[in-house]
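Trainee: Here it is, the structure in full.
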Amino acid sequence: LAADTGLIGSPVHAAPDKKKSGPVLQCKCILNPQLVPGHVVRLDSAGVKGDFIIRTVEHSGDSHGAEWTTSLDCVARKL
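Our numbering numbers the first residue of the sequence shown as 130 and each following residue consecutively.
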C-alpha cells in the first residue's frame with residue numbers, strides 16, 4: 130500500500146501488544162476486501178517501508194456516505 134494505491138495518510142505507531150508480538154502499526158486505506166488477518170502487506174510511505182503481517186482488519190462504509198475504508202493493525206514481519 131502506498132499513496133498511489135489507496136493508503137490514506139501515514140501509518141501510526143500504536144501501543145505495543147505485549148501478549149502477541151510487540152509494536153503495532155495502524156494504517157487506513159480505501160476499502161480493500163483482499164486485506165485479511167494473517168496476510169502480508171507491503172507499506173510504502175514517507176516514514177514506513179517494508180512488509181508487515183496484518184493482525185486485525187476493520188472494513189467500514191455507509192451506502193449513504195462517502196467514506197469506504199479499511200483500517201489495519203499490523204506488526205513487523207520477522208524474516
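We put the beta carbon where it would ideally sit given N, CA and C, even for glycine. Quick caveat, the model's predicted, so the values are computed rather than measured.
How far does the beta strand (DSSP E) with valine 186 in it extend, from its first residue to its last?
Mentor: Per DSSP, valine 186 belongs to the beta strand (DSSP E) from 178 to 190.
Trainee: Tell me whether alanine 132 sits in a helix, a strand or coil according to DSSP, three-state version.
Mentor: It is helical.
Trainee: Using the three-state DSSP reduction, which class does alanine 205 fall into: helix, strand or coil?
Mentor: Note: alanine 205 maps to strand in three-state DSSP.
Trainee: Measure the C-alpha to C-alpha separation of glutamate 196 and valine 141 and round it to an integer number of angstroms.
Mentor: About 20 Å.
Trainee: With leucine 172 as the anchor, note down where its beta strand (DSSP E) starts and where it stops.
Mentor: Taken as a continuous stretch (DSSP letters only), the beta strand (DSSP E) holding leucine 172 covers 169 to 173.
Trainee: Going by other Cβ atoms of all chains shown within 10 Å of its Cβ, with 16 needed for buried, is threonine 199 buried or exposed?
Mentor: Classification for threonine 199: buried.
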